[in-house]
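Numbering follows this note's numbering, with no gaps: position 57 of the sequence shown is 174.
What follows is one structure encoded as structure tokens, with my remarks underneath.
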Amino acid sequence: MLTSTLSETQWWVAAIVSGFALAVAAQSMATTARDKLIAASLPLAGAIAIGLSSAAHGYTDTLPLLLYTTTMIILVILRLLFAKYINRQLALKRSGKPMENLSGKQTAIFLLAFMTTLVLVSFAI
Numbered sequence: 118m119l120t121s122t123l124s125e126t127q128w129w130v131a132a133i134v135s136g137f138a139l140a141v142a143a144q145s146m147a148t149t150a151r152d153k154l155i156a157a158s159l160p161l162a163g164a165i166a167i168g169l170s171s172a173a174h175g176y177t178d179t180l181p182l183l184l185y186t187t188t189m190i191i192l193v194i195l196r197l198l199f200a201k202y203i204n205r206q207l208a209l210k211r212s213g214k215p216m217e218n219l220s221g222k223q224t225a226i227f228l229l230a231f232m233t234t235l236v237l238v239s240f241a242i
């Protein structure tokens, strides 16, 4: 684990930086003011969800920060991995055309990429 020696303060920094990275990545997909507001709120919504879940399960110390940081990093990596596809969909939306529906193959590729990223980031962190 690359982060086995991080202090609680360092975990807070990692969580804030990863949340900011997700906000930036999500903003790149926003096309309307409403979308921009939703994109900006994603890190906060993630923090609330992980905080509530951690409290319900009695997680303490830095575990909630680890879960939050890992989640944010995974979402940012997926945004980068699928940048070409997402940008193509956004171009369609901006031109007034409907976005393409995901095919079964595309869904399978996304799920495989999600699971692979989840495992790799979890092992790395």
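Where a beta carbon is used, it is the ideal one built from N, C-alpha and C, also for glycine.
As the structure is a computational prediction, the values presented were derived from the model and not from experiment.
Same chain, Cβ closer than 8 angstroms to residue 167, neighbours up to 5 away in sequence not counted
Excluding residues within five positions, the ones whose Cβ falls inside 8 angstroms are 181, 184, 185, 188.
Among 126, 120, 143, nearest to residue 199 - alpha-carbon criterion:
Considering only alpha carbons, the answer is 143.
Around the C-beta of residue 266, are 16 or more other C-beta atoms found within 10 angstroms, so that it is buried, or is it exposed?
One cannot answer for residue 266 here, as it falls past the ends of the chain, which runs 118 to 242.
Looking at C-alpha atoms only, which residue of 139, 137, 148, 132 is the closest neighbour of residue 210?
Per the Cα distances, 148.
Which two residues bound the contiguous alpha helix (DSSP H) that contains residue 160?
Unbroken alpha helix (DSSP H) run through residue 160: 150-174.
So, under 8 angstroms CB-CB, residue 140 and residue 162 are touching, yes? Tell me the CB distance rounded to an integer number of Å.
Their Cβ separation, rounded to whole angstroms, is 11 angstroms, which puts residue 140 and residue 162 out of contact at 8 angstroms.
Would you kindly work out how many angstroms separate the C-alpha atoms of residue 155 and residue 145, rounded to a whole number?
Taking the straight line joining both Cα atoms gives about 12 angstroms.
Only counting the same chain, and skipping five residues up and downstream in sequence, which positions put a Cβ closer than 6 angstroms to that of residue 179?
Here residue 179 has 125, 128 as same chain residues with Cβ atoms under 6 angstroms from its own Cβ, once five neighbours each way along the sequence are excluded.
Residue of 240, 228, 136 minimising C-alpha distance to residue 220:
Cα-wise, what sits closest to residue 220 is 228.
Indicate the three-state DSSP secondary structure (helix, strand or coil) for residue 204 in the structure shown.
Reduced to three states, the DSSP call for residue 204 is helix.
Three-state class that DSSP yields for residue 181 in the structure shown:
Helix, per DSSP.
Can you give me the Cβ contacts of residue 230 inside the same chain, cut-off strictly under 7 angstroms, excluding the 5 residues immediately before and after it?
Taken in chain order, the residues that qualify are 195, 198.
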